[in-house]
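Each remark here refers to the structure printed beneath this line.
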Amino acid sequence: SQQGEEDPQALSIQEGENATMNCSYKTSINNLQWYRQNSGRGLVHLILIRSNEREKHSGRLRVTLDTSKKSSSLLITASRAADTASYFCATDESNTGKLIFGQGTTLQVKP
Amino acid sequence: DAGITQSPRHKVTETGTPVTLRCHQTENHRYMYWYRQDPGHGLRLIHYSYGVKDTDKGEVSDGYSVSRSKTEDFLLTLESATSSQTSVYFCAISDTFSGANVLTFGAGSRLTVL
Chain X
1 SQQGEEDPQA LSIQEGENAT MNCSYKTSIN NLQWYRQNSG RGLVHLILIR SNEREKHSGR
61 LRVTLDTSKK SSSLLITASR AADTASYFCA TDESNTGKLI FGQGTTLQVK P
Chain H
1001 DAGITQSPRH KVTETGTPVT LRCHQTENHR YMYWYRQDPG HGLRLIHYSY GVKDTDKGEV
1061 SDGYSVSRSK TEDFLLTLES ATSSQTSVYF CAISDTFSGA NVLTFGAGSR LTVL
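Here the protein sequences line up with chains X and H, keeping their order. Just so we're aligned: 1 in this note's numbering is position 1 of the first sequence, and the numbers increase by one with no gaps anywhere. This note's numbering runs 1000 ahead of the 1-based position in the second sequence.
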């Protein structure tokens, strides 16, 4: 079964707007990661947040983690057409170490 | 996708035939993974390896086997392909298993089973 569940499944915004994607998970984790996938390509790691962190920034990306609610959010600020892609959260399970991916959010940024 | 290559990138085969997908890395990473990606399911772990000849099952391992005889190569075999195994298969590598398990993915292998 999937560990991470992203919400929404699809998101369409205008260039310059912010995009927010959410991820919920079920078990305790070591860390949570976000990956990006352009159409027809492999996934690329964006950012990792550890279970003892609450917020992390990387360029235009902001990730939050709420372990009490077992949820995370990815915020992309000032979006660009080039941000059009699918975004996946992945959780590193504490008891197995395996990385389990959610189903992803498809983001379309219109120029 | 530097440092990790998958072959073949595209394959069409018939039900009942054996298929082997190859993942080759030049990073000398200890851990290697095979995932499949299907619409509505995201990525699902098939098998993974934590060293030469050390492998374990993921969440969707039925119908698949793997082998790792060298650090750089991780093979995924479908002994008798079925239409339900039509998918895009991704190999990934990492140099840690817990704590900060960041994966680097290959470009994917698209398999169609007729």
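Glycine included, C-beta positions come from ideal geometry on N, C-alpha and C.
For residue i, decide whether its Cβ has a neighbour in chain H, counting only Cβ atoms nearer than 8 Å.
i: D144/X; result: Residue numbering for chain X in the displayed model covers 1 to 111; residue 144/X lies beyond these limits and cannot be assessed.
i: I29/X; result: no
i: I100/X; result: yes
i: G59/X; result: no
i: H45/X; result: yes
i: G16/X; result: no
i: L48/X; result: yes
i: Q103/X; result: yes
i: R36/X; result: no
i: Q33/X; result: yes
i: D41/X; result: According to the sequence as given, residue 41/X is Arg; it is not Asp. Chain H, which has a Cβ nearer than 8 Å to the Cβ of R41/X, makes this yes.
In or out: residue i buried (at least 16 other Cβ within 10 Å) or exposed?
i: G102/X; result: buried
i: S1/X; result: Annotation note: pLDDT 36 at S1/X (below 50); position unreliable, coordinate value reported separately. By the neighbour-count rule (16 or more Cβ atoms within 10 Å), S1/X is not buried but exposed.
i: E6/X; result: buried
i: R80/X; result: exposed
i: H1047/H; result: buried
i: A78/X; result: exposed
i: Q9/X; result: exposed
Comparing the C-beta of residue i with each C-beta of chain X, is any distance below 8 Å?
i: A1100/H; result: yes
i: G1040/H; result: yes
i: D1001/H; result: At D1001/H the pLDDT is 49, less than 50, meaning the model places this residue with poor confidence; the figure from the coordinates comes in the next sentence. Cβ-Cβ to chain X under 8 Å: yes for D1001/H.
i: L984/H; result: Past the edges of chain H, shown from 1001 to 1114, lies residue 984/H, and the structure says nothing about it.
i: G1051/H; result: no
i: L1103/H; result: yes
i: G1106/H; result: yes
i: L1045/H; result: yes
Using the C-alpha atoms, what's the distance from residue j back to residue i?
i: E15/X; j: R62/X; result: 18 Å
i: S1067/H; j: Y1033/H; result: 11 Å
i: E93/X; j: L99/X; result: 7 Å
i: N1101/H; j: P1018/H; result: 32 Å
Can you pull the DSSP bridge partners for residue i?
i: L11/X; result: L107/X
i: G1042/H; result: D1038/H
So the candidates are the options; which of them puts its Cα closest to the Cα of residue i?
i: T1112/H; options: T1005/H, R1009/H, G1003/H; result: R1009/H
i: D1073/H; options: G1016/H, D1038/H, G1106/H; result: G1106/H
i: R60/X; options: T67/X, A10/X, G104/X, A19/X; result: A19/X
i: I49/X; options: T67/X, R36/X, L43/X; result: T67/X
i: E1059/H; options: G1003/H, S1069/H, Y1035/H; result: Y1035/H
i: S24/X; options: K110/X, T105/X, I47/X; result: T105/X
i: D1054/H; options: R1030/H, L1045/H, E1014/H; result: R1030/H
Short-range partners of chain C found in the stretch 1074-1096 of chain H, where Cβ spacing is below 7 Å: In the structure shown, chain C cannot be found, because the protein chains are X and H.
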